[in-house]
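Report on the structure given below.
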Amino acid sequence: MEQSDINIGQVVKSTQGRDKGRFFIVVEIIDKEYIRILDGDIRKIDKPKKKKMKHLVKLNIMSEEVKDRVINNKKMNNAFIRRELERLGVNA
Numbered sequence: 006m007e008q009s010d011i012n013i014g015q016v017v018k019s020t021q022g023r024d025k026g027r028f029f030i031v032v033e034i035i036d037k038e039y040i041r042i043l044d045g046d047i048r049k050i051d052k053p054k055k056k057k058m059k060h061l062v063k064l065n066i067m068s069e070e071v072k073d074r075v076i077n078n079k080k081m082n083n084a085f086i087r088r089e090l091e092r093l094g095v096n097a
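Here's what the structure looks like:
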């Protein structure tokens, strides 16, 4: 997966590791290989998961609200992330 394929606010599904099968929202693109993801449940805002892009499947679901908050450094909390994933139709 290339960096241009994935954006902040994108919903992704883990394909490898202990969190296999779980849905997350991308909150940071570190480089062309790594990103940071969270779900507000096991991966909270204060400690997002650093994960390789090749271990994720990109869904064609985007959270514009999360993207806006990350870009503008607005506050988010774990409950907001969980509600956003639920609203988008993917349960964490």
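Using the numbering used here, read the sequence shown as starting at 6 and increasing by one per residue. The beta-carbon is built from N, C-alpha and C at its ideal position, and this holds for glycine as well. All figures in this text were calculated on a predicted structure; none of them were measured in a lab.
With contacts defined by Cβ atoms closer than 8 Å, residue 74 and residue 67 do not form a contacting pair. In the three-state scheme derived from DSSP, where H, G and I count as helix and E and B as strand, residue 61 is classed as strand. Rounded to the nearest angstrom, the Cβ distance from residue 43 to residue 29 is 6 Å, consistent with a contact under 8 Å.
DSSP places residue 16 in the uninterrupted beta strand (DSSP E) bounded by 15-19. The beta carbon of residue 72 sits closer than 6 Å to the beta carbons of 13, 14 from its chain, once the five residues preceding and following it are set aside; these are given in chain order.
Under DSSP, residue 72 forms no beta bridge with any residue. Judged by DSSP in its simplified three-state form, residue 41 adopts strand. Under DSSP, residue 80 takes part in no beta bridge, so it has no partner.
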